[in-house]
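This report concerns only the one structure given below.
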Amino acid sequence: MGAVAAVSAPVLAQPANFSNIAGFDALPTYDVVLNVTITPTEQVKWFRVLLPRITDPHRYLDIFTSSATLSADTEIALYRADGTLVASDDDDGADQFSALSFGITNPLVPTRLPPAAFGAQPPGVASNGRDGTLVNTLSGGTAAAYYIAVTRYNAAFADNFAITWTQPPTTFTTSLSVRMHTPSEQIAPTITADDISLPRGVFGVEIIANASANTTAINVDLSALGGPSNQEFIYNDACECWVSFGGDLPLTQLGVFPMTLRARNAIDDVTVRVANLIVRQDAPRCQFAGERTLSNTSGTTIYSYDTTQGDVDGPWSATCFNPATPPTGNDVWFRLRPTSDGTLTLSTCNSDTGFVGTQRDTLLGIRSSCGEAVPFDFCADDTSGCGVGTRLSNIPISRSRQYFIAVRAFGADIANGRLAVTFVPACDSIDFNQNTLYPEDQDLIDLLSVLAGGPCSDGNTCSDIDFNNDGLFPDDTDLIAFLTVLAGGDC
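Per this note's numbering, the sequence shown starts with residue -6, numbered consecutively.
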């Protein structure tokens, strides 16, 4: 090193210009080498990188400069996105080059390469995680942004991206290497999701995302639309994940709204993707229907609908109405995906929806497919007891299937209509102890034993005690429902 001369330089309030280094947030191993030129007019080069959490024994991160010539005396530093200085280095690399090393402290797990040395250059300090770990503590768990500063000797680094020098400016070119590796399969999760286009006023939203196999949780943020900011997804075995919202999204404002999706793995690495929820003017057709996920408890929920911007998606056959007076109004569609078996009742009757005013004249239909010529499984007009309103009662439904519901205005289109959806879950099997023998007294004995907090009979595996799946247990209604079904009655 030469003699230190007092040379002042301005403090950098923030990285004025930086280059993005992509790929670290979603790949198990990443190694990038960049050419860096320092000049008197550009005394520091900034690089922005998005990093998941780095911690032993899962990941390491090594950053170093190198060159085949001895013309460069470098210094480097790593900053958090808020300007906090994480670490800096002068001469840990080969010769007068620089190196920072984070993560795994055992250099053999896995094998790590030291900073590159050329010719007679002395070797750099081993890459062994000596600079600690990088733990992302940002709210929401998103992958954190860091800034790498590459500059010249003799630099002093401080918070707020501040750098000062006490040597005159120089010109040189060096290589910057940034390496990260994740042993095993603990890589940051991947997640994909498509934009969703839904009509204004639809009562529910379905979001489907595909995530990698190492994902342990997915959530979605719909706060931009007034919805939940952290709603967990529901999984199936293939990790084609879906989540639904019903009644809690104010789909009245037209526009494009961001949906922020976060996929998390077991070591809290989070990958963020943003898709759009598009609220459009027209009422829904069958293939654009919204979705409501029914819970495993019985109950009635009221939803609003608007047929004024719709059309007729049918097909509405004469079996749904009196052929002598066919309907002329538009229809709107909703989609159901129940999580348990049971029965469904749909109603536009004022007595069921609580609407005060003139009874709206409607038709109702439900079917299990959206094909152009698929007839309704159940449909009706004008139910006795509610005038020109309609009720479809006790429709059997099965979990993990989709059902498409249509509400049609008979004549004049309806704004701010109301639909009552009542779900009654089915009872469990009366083979309570799952020994394949039923009906038998032992099932009742085991139910009473488990209901009282005791064990199941030896060699058997008893079901849960919420026999009628109403979400209330232990209670007498489970025992009553069991005895009723045991005697051949309905749940």
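Here a beta-carbon is modelled for each residue, glycine too, at the ideal position from N, C-alpha and C.
Beta bridge counterpart(s) of Q280 as assigned by DSSP: Numbered from 1 along the sequence shown, position 287 holds the residue referred to as residue 280. None, per the DSSP bridge assignment.
Opening and closing residue of the beta strand (DSSP E) in which N258 lies: For the purposes of this step, residue 258 is identified with residue 265 of the sequence shown, where counting begins at 1. If you look at N258, you'll find it in the beta strand (DSSP E) that goes 248 to 258.
Cβ-based burial, R145 [other Cβ within 10 Å; buried from 16]: As a first step, residue 145 is located in the sequence shown; it is residue number 152 there, counting from the start. It is buried - the Cβ of R145 has at least 16 other Cβ atoms within 10 Å.
C-beta atoms of F57 and F11 nearer than 8 Å: Sequence index remark: in the sequence shown, residue 57 carries index 64 (1-based). Sequence index remark: in the sequence shown, residue 11 carries index 18 (1-based). Cβ distance not < 8 Å, so F57 and F11 don't count as in contact.
Run of the alpha helix (DSSP H) containing A311, from where it starts to where it stops: As a first step, residue 311 must be located in the sequence shown, where it is residue number 318. Careful: A311 lies outside any alpha helix (DSSP H) and carries neither H nor E.
Within 8 Å, strictly: CB atoms of T62 and T175: Within the sequence shown, the letter at position 69 stands for residue 62. Within the sequence shown, the letter at position 182 stands for residue 175. Taking 8 Å as the Cβ cut-off, T62 and T175 do not qualify as a contacting pair.
8 Å CB neighbourhood of S132 in its chain, flanking five on each side removed: Sequence index remark: in the sequence shown, residue 132 carries index 139 (1-based). Interpretation of S132 is limited by its pLDDT of 42, a score under 50 that renders its predicted location unreliable; the figure taken from the coordinates is listed afterwards. Taken in chain order, the list of residues that qualify is empty.
When W158, T415, A206, A419 are compared against T67, the one with the closest alpha-carbon: The sequence position of residue 67 within the sequence shown is 74, counting from 1. The residue with the shortest Cα to Cα distance from T67 is W158.
Three-state secondary structure assigned by DSSP to Q224: Position 231 of the sequence shown, counting from 1, holds the residue named residue 224. It is a strand residue.
Residue range of the alpha helix (DSSP H) that includes I438: Counting from one through the sequence shown, the residue named residue 438 turns up at place 445. Run containing I438: 434 to 444, per the alpha helix (DSSP H) assignment.
Boundaries (first-last residue) of the alpha helix (DSSP H) holding L479: To locate residue 479, count along the sequence shown from 1; it is residue 486. First-last of the alpha helix (DSSP H) with L479: 469 to 479.
Neighbourhood of G134 by C-beta, 7 Å cutoff - its chain only, sequence neighbours within 5 removed: Position 141 of the sequence shown holds residue 134. Unreliable positioning characterises G134 in this predicted model, as indicated by a pLDDT of 44, which lies under 50. The coordinate reading is nonetheless provided below. So the list reads R255, R257, D261, V263, once near-sequence residues are dropped.
With 16 other Cβ atoms within 10 Å as the buried cut-off, status of G358: Start at 1 with the first residue of the sequence shown, and residue 358 comes out as number 365. With 16 or more other Cβ atoms within 10 Å, it is buried.
Member of N387, D421, A373 whose CA lies at the smallest distance from the CA of V381: By one-based count along the sequence shown, residue 381 stands at place 388. Nearest to V381 by alpha-carbon distance, out of N387, D421, A373, is A373.
Of the residues T454, R330, A70, the one placed nearest V393, counting alpha carbons only: Against the sequence shown, residue 393 aligns to sequence position 400. In the sequence as displayed, the identity of residue 393 is Ser instead of Val. Per the Cα distances, R330.
Nearest-angstrom Cβ-Cβ length linking F150 and L127, presumed shorter than 8 Å: Here the question's residue 150 lines up with position 157 in the sequence shown. Here the question's residue 127 lines up with position 134 in the sequence shown. That pair is no contact at about 17 Å.
Status (buried if at least 16 other CB within 10 Å, exposed otherwise) for E199: Counting from one through the sequence shown, the residue named residue 199 turns up at place 206. Looking at its Cβ environment, which holds 16 or more other Cβ atoms inside 10 Å, E199 is buried.
Within 8 Å, strictly: CB atoms of V325 and G347: On the sequence shown, position 332 is the one that residue 325 refers to. On the sequence shown, position 354 is the one that residue 347 refers to. Contact: no.
Closest residue to A15 among V42, G452, N409 (Cα-Cα distance): As a position in the sequence shown, residue 15 is number 22, starting the count at 1. The residue among V42, G452, N409 with its C-alpha nearest the C-alpha of A15 is V42.
Limits of the unbroken alpha helix (DSSP H) element including N153: By one-based count along the sequence shown, residue 153 stands at place 160. From DSSP, N153 is part of no alpha helix (DSSP H); its letter is neither H nor E.
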